[in-house]
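Remarks on the structure that follows.
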Amino acid sequence: MKLGKVVICGVGLIGGSFALALKAAGRVGEIIGIGRRASSLQEALALGAIDCSSSDWAEALRGADLVFLAVPVGQMRGVMQAMAPHLAAGTLVTDAGSTKSDVVAVAREALGERISCFIPGHPIAGAEKSGVGAARADLFQDKRVVLTPLEENPAAAVARIENIWQACGAEVSCLTAEAHDQIFAAVSHLPHLLAFALVHEFSQRPDADQLFGFAAGGFRDFTRIASSHPEMWRDICLANRPALLGELDAYMAELMRTRVLLAGADAAGLHAMFDAARTRRDEWLKTLPVVGE
102 MKLGKVVICG VGLIGGSFAL ALKAAGRVGE IIGIGRRASS LQEALALGAI DCSSSDWAEA
162 LRGADLVFLA VPVGQMRGVM QAMAPHLAAG TLVTDAGSTK SDVVAVAREA LGERISCFIP
222 GHPIAGAEKS GVGAARADLF QDKRVVLTPL EENPAAAVAR IENIWQACGA EVSCLTAEAH
282 DQIFAAVSHL PHLLAFALVH EFSQRPDADQ LFGFAAGGFR DFTRIASSHP EMWRDICLAN
342 RPALLGELDA YMAELMRTRV LLAGADAAGL HAMFDAARTR RDEWLKTLPV VGE
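Residue numbers (the working numbering): 102 to 394.
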C-alpha cells in the first residue's frame, strides 16, 4: 500500500531515515518536513529526504495520510497540541518516542476524541550521531520496531502502521506501553545513563586529558552511546524516571556486590561472575542478525 502524503515532524536521524526508507521502498508520493530549525529542514531538502518543508501545520496536514512524530519526548505535548486542530479524519499518526506511557498520556490530552488515530511506536534503531546528515535508508533494516497499540486503535490502522515499518525493513513487535517502558529502562535507558555518567566523571578529574589520552578501544566501545543527543536523552530519562530509578538501584546493588568481591580479593567469585556474564552475552549475540546478511 502506497502512501500519498507523509508529514514528518523532526527530520533528524530517525525522521530522515524513515523518509529515505519510504522513498527507497517506493511507498510514498510526497514527504513534507516540519520542525523547529529551518537549517535542518534545508539540509533535509538538500539530501533528498523530504520534498518540501512547511512551518504551518494546517498547510502541511492538508491531504496527509500519515504523520510521523520524530521529536524528543519532551516536545511531544507542544507538537501534538499544535497539530491536533488540523488533523483530518483519515490521517494516521505514529511516533518514534523512546518512552511510551508519557507520550500516550500527552496524546490523550491533546487529541481527545481523535485518540484512535494515534498508534504509538518506537523504532529500536538509533545511533550515537544525530541529525539528518546521519540518516540512512537502511537504518531500520532487520531492526525491531515496537508498537504499543491503544484499545481505541482500529485493527486496520495498526496493521497499516505495521506494514509501513515492514516496508522499511523492520521487524514489528507489540507491547503494552507499561511493559515497553520497563524493558527499555533496563536495556537502553540505563546503559545510556551509565555511559554519560562515566564520561562526565572522567571529564571532571584534574588528570582528565591524560585519562582520555590513554583511553583506547575498550573505553571507546563502552562509552560510544555517550555521543548521543543530550536533549533527547535528558527527556527520555526524566519521562521514564520511576522505571529507570529502579534499574539504577538494581545496578548499584550489583556494583556493591562486585566491590565486595574485589575488596576481598575473591578470585573465584570474580571469575564466576565474569564467566556467567560472558556466557549470557555470547548466547544473546548468537540471536542477532549477522551484519551484511
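All residues carry an ideal CB built from backbone N, CA and C; glycine is no exception.
Neighbour-count burial assignment, residue i, 16 or more Cβ in a 10 Å radius
i           : result
residue 264 : exposed
residue 249 : buried
residue 269 : buried
residue 385 : exposed
residue 310 : exposed
residue 372 : exposed
residue 194 : buried
residue 375 : exposed
residue 304 : exposed
residue 450 : With the chain running from 102 to 394 in the structure shown, residue 450 is simply not present.
residue 315 : exposed
residue 313 : exposed
residue 111 : buried
residue 173 : buried
When the options are compared against residue i, the one with the closest alpha-carbon
i           : options            : result
residue 234 : 146, 215, 349, 271 : 146
residue 285 : 253, 348, 129, 216 : 348
residue 166 : 306, 102, 302      : 102
residue 259 : 220, 157, 388, 238 : 220
residue 149 : 116, 173, 177      : 116
residue 178 : 159, 198, 160, 161 : 198
residue 200 : 186, 142, 175      : 175
residue 281 : 193, 203, 294, 326 : 203
residue 236 : 350, 141, 342, 336 : 141
residue 160 : 139, 293, 183, 226 : 183
residue 352 : 316, 121, 294      : 294
residue 251 : 240, 380, 209, 313 : 209
residue 297 : 328, 370, 342      : 328
residue 390 : 192, 365, 222, 241 : 241
For residue i, three-class secondary structure by DSSP
i           : result
residue 221 : coil
residue 196 : strand
residue 326 : helix
residue 252 : coil
residue 306 : coil
residue 387 : coil
residue 244 : coil
residue 175 : helix
residue 227 : coil
residue 234 : helix
residue 275 : strand
residue 104 : strand
residue 269 : coil
residue 299 : helix
residue 294 : helix
residue 393 : At residue 393 the pLDDT is 43, less than 50, meaning the model places this residue with poor confidence and gives no usable figure here.
residue 212 : helix
residue 170 : strand
Integer-rounded CB distance, given that residue j should sit under 8 Å from residue i
i           : j           : result
residue 155 : residue 135 : 5 Å
residue 106 : residue 144 : Not a contact, Cβ separation roughly 21 Å.
residue 274 : residue 247 : 5 Å
residue 319 : residue 232 : With 8 Å as the limit, residue 319 and residue 232 do not qualify as a contact, their Cβ atoms being about 27 Å apart.
residue 215 : residue 188 : 6 Å
residue 180 : residue 278 : So it is not a contact: roughly 18 Å between Cβ atoms.
residue 109 : residue 171 : 6 Å
residue 185 : residue 211 : 5 Å
residue 283 : residue 344 : 5 Å
residue 271 : residue 224 : 7 Å
Proximity test, residue i beta-carbon vs the ligand COA heavy atom, cut-off 7 Å
i           : result
residue 299 : Looking for the ligand COA in the displayed structure turns up nothing, as the structure carries no ligands at all.
Q | Runs of beta strand (DSSP E) lying entirely within the stretch 113 to 167, each at least 3 residues, in chain order | A | Listed in chain order, the complete beta strand (DSSP E) runs (minimum 3 residues) inside the stretch 113 to 167 are 129 to 135.
**Q.** Those runs of the alpha helix (DSSP H) which lie wholly inside the stretch 321 to 382 and span at least 4 residues
**A.** Runs of the alpha helix (DSSP H) lying entirely within the stretch 321 to 382 and spanning at least 4 residues, in chain order: 331 to 340, 342 to 364.
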